[in-house]
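Notes for the one structure printed next.
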Amino acid sequence: MKIAWKLTIIYSLILTIIISFLSFYYYFNTKTILIDEHRKDLYISGFGMGRGFMMGRMMGGRISSFYIATNTEIIQDPFNLGKVEKEGIYKSSDGSYVLIVKRDSLFIGKDITSTLYALDRLQNISILISILSIIPSTFISYFLSQKILYPIRKLIKDAKNIDIRDSNSRVEVPKTRDELWELANTINTMLERIERLYKREEEFSSDISHELKTPLTSILGYIKMLKRWGKEDKKILNESLDILEETTQNMVNMVDTLLEMAKTPENINYEEFSIKDFLEELREKVLNLYPEFQFNVYLDKERNLFTSRKALGIIMSILLENGVKNSLDKKVIDLGYQNGKLFVKDYGMGIPKEEIPKIFERFYKVDRSRSSKGYGLGLSLAKKLAESLGFEILVESKEGEGSTFYLQRKSV
Ligand code: ADP
0 MKIAWKLTII
10 YSLILTIIIS
20 FLSFYYYFNT
30 KTILIDEHRK
40 DLYISGFGMG
50 RGFMMGRMMG
60 GRISSFYIAT
70 NTEIIQDPFN
80 LGKVEKEGIY
90 KSSDGSYVLI
100 VKRDSLFIGK
110 DITSTLYALD
120 RLQNISILIS
130 ILSIIPSTFI
140 SYFLSQKILY
150 PIRKLIKDAK
160 NIDIRDSNSR
170 VEVPKTRDEL
180 WELANTINTM
190 LERIERLYKR
200 EEEFSSDISH
210 ELKTPLTSIL
220 GYIKMLKRWG
230 KEDKKILNES
240 LDILEETTQN
250 MVNMVDTLLE
260 MAKTPENINY
270 EEFSIKDFLE
280 ELREKVLNLY
290 PEFQFNVYLD
300 KERNLFTSRK
310 ALGIIMSILL
320 ENGVKNSLDK
330 KVIDLGYQNG
340 KLFVKDYGMG
350 IPKEEIPKIF
360 ERFYKVDRSR
370 SSKGYGLGLS
380 LAKKLAESLG
390 FEILVESKEG
400 EGSTFYLQRK
410 SV
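Going left to right, the sequence shown walks through residues 0 to 411 as numbering that gives the first Met the number 0 numbers them.
This is the structure we're talking about:
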């Protein structure tokens, strides 16, 4: 069932109940007031008349429109009621209704038939009003639900027409700051996120195709060369095979990195470990890879870290490798943990200030001629991993002097 109909039913039910309640309240109130008035009448004039009658009887007079009786004796009964024992409304043999009240030792009564008939009519009108109120209630409720649902319908219509690639295509935000305003804003924020993601994916696929095209063209070139001359010329054969191996290996590395980037943070395995051991192990590893470099470890105080040792190892290796790749004559890299931050410091070519924010983007290289091996993916992977561990990477760099990359826990 549509919400519009649900609302209509609920509203009309509530309205009908309210109208019925009011009309019955009016009926019962009127009844009480009228009967009370008669009662009062009997208390005052009836009692007076009763006494008057006593006196009248004494004097031989008679008041015929009232019923008057004591506990034992009927003094006057113009309605043919007979003896009564308690207060109430009695029906006489001629069909009229008599209200009896008791005052001291006297029962006094009067005819209230016309009042009861009027009340009966009023009751019928109340029932009719209650039944007929369903019709206007339904109309009013339908109109109200349509009015309430209009902004939601508009939202649905807007949402249906959204083109995710068009940044101007958004749902209209209502003017009043209510739940719908919040919903429209939430949808728009979500759309922005999806659009950003969509654009990033688009860029990503075009970047990948572009990045893969260069090594693939080179591989194809070498295969063609091998086909033509490789069989006879051993030198060309060996050189081409070396280059083919290196290019293919580079591509494998790139695909590996991309796969690593696509991994979700849920796969992260947290553990507690000593920073000192971690840094020493890292140093040994990079020293094996780059024996011509000197790696100095600095640690202001020994402590443990609780995070993913493996992910932190990947981040630090990327930073160390970048230090190596971008170094100049001074083949020294410092690494360590000071003031609550892990760091990697090199004495290489540095990064121009305006390039620093861009180096974390995927496939971004400061200068394409600088590091021929990289694909501009390392820092973007490092950033992604750091974020999933709750860390952030900060950079200090001076062109010609070197760079320091800091890794610190993100302040919440
Ligand atoms: P790549 O894998 O190509 O090195 P990165 O994402 O790791 O890509 O780095 C992006 C760019 O940032 C690189 O092209 C490089 O020029 C620059 N860069 C990164 N680290 C350093 C560093 N320590 N010193 C100087 N430049 C750096």
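We treat Cβ as the ideally placed atom computed from N, Cα and C, and that holds for glycine.
Treat the numbers as computed from the prediction; the structure is a model and nothing was measured.
- For the set Glu210, Lys198, Arg152, Arg195, the Cα lying nearest the Cα of Leu182 is the one of Arg152.
- Partner residues in the beta bridge of Gly108, as assigned by DSSP, are Tyr66, Ile99.
- Counting only the Cα atoms, Glu171 lies some 59 Å from Asn295.
- Nearest Cα to Glu84 within the set Ser95, Gly94, Ala68, Phe78: Ala68.
- Between Lys90 and Leu98, the alpha-carbon positions lie close to 9 Å from each other.
- A direct Cα-to-Cα measurement between Lys212 and Phe342 gives close to 35 Å.
- Cα atoms of Tyr197 and Asp232: separation of roughly 50 Å, rounded to the nearest angstrom.
- By alpha-carbon distance to Lys382, the top candidate from Phe142, Leu406, Asn70 is Leu406.
- Taking 8 Å as the cut-off, the beta carbon of Asn303 is found closer than this to the beta carbon of Phe272.
- The DSSP assignment places 340-345 as complete runs of the beta strand (DSSP E) inside the segment 333-392, in order along the chain (cut-off: 3 residues).
- Distance from Ile133 to Thr15 at the Cβ level is roughly 5 Å; contact confirmed, criterion being Cβ atoms closer than 8 Å.
- At a threshold of 7 Å, Ile350 counts as near the ligand ADP, since its beta carbon sits closer than that to one of the ligand's heavy atoms.
- When DSSP reads this structure, Gln293 sits in a beta bridge with Val331.
- Inclusion of Val365 in the 7 Å shell around the ligand ADP follows from its C-beta lying nearer than that to a non-hydrogen atom of the ligand.
- When only Cα atoms are considered, Val100 and Thr29 end up about 20 Å apart.
- Excluding its 5 nearest sequence neighbours in each direction, Ser326 has C-beta neighbours in its own chain below 6 Å: Asp345, Gly347, listed in chain order.
- Looking at the DSSP output, Glu271 sits in a beta bridge with Phe305.
- Nearest in C-alpha terms to Pro351, of all of Asp177, Ile88, Glu395, is Glu395.
- Distance from the Cα of Ser402 is smallest, within the candidate group Val331, Lys230, Leu380, for Val331.
- When distances are taken from the beta-carbon of Leu378 to the heavy atoms of the ligand ADP, the shortest one is below 7 Å.
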